[in-house]
Structure formats: C-alpha cells, structure tokens
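Encoded as structure tokens, the structure appears first; notes follow it.
In our numbering, the protein residues as written are -1 to 65.
Here it is in structure tokens:
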C-alpha cells in the first residue's frame, strides 16, 4: 500500500502526523535561525531540517501545507 492509497481514518492520522512534523521542523529551523542571528553567525541550511521530505509526503497524499 502506498501513501496515495490511504483512505478515511488512516489518511487522517497520517496527514495530522505529517502536518505536526512539518510544524515542529519549521519551528526548529526558525529557532536555529534566530539563535544564529542573535550570535552573528550564518544561518543553517534549511535542507538539514528535512522540511522537503515532509512536504513531499504531504503532496503525495494530497495535503500539502499552504504557503
């Protein structure tokens, strides 16, 4: 079974979990950027926070985050 085949409650649980993961990773990235800004250091690469992977999974299931 692929992520696109999920229906009903299974799909809802996965969407909610992926959205929560996206929020947590974005919050972590923002906190790291703020810490770097305050200390005068270069911001970290967004790629190391894995947001693209979560976005891809949400797009596959048809629930990509609004921008």
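C-beta atoms are modelled at their ideal positions from N, C-alpha and C, and glycine is treated no differently.
Answer with buried or exposed for residue i, where buried requires no fewer than 16 other C-beta atoms within 10 angstroms of its C-beta.
i: residue 52; result: buried
i: residue 56; result: buried
i: residue 16; result: buried
Can you give me the C-alpha to C-alpha distance between residue i and residue j, rounded to a whole angstrom?
i: residue 48; j: residue 8; result: 23 Å
i: residue 25; j: residue 40; result: 18 Å
i: residue 35; j: residue 18; result: 26 Å
i: residue 21; j: residue 14; result: 11 Å
i: residue 3; j: residue 62; result: 16 Å
i: residue 46; j: residue -1; result: 28 Å
i: residue 12; j: residue 54; result: 13 Å
For the putative contact between residue i and residue j, defined by C-beta atoms under 8 Å, what is the C-beta separation to the nearest angstrom?
i: residue 1; j: residue 59; result: 5 Å
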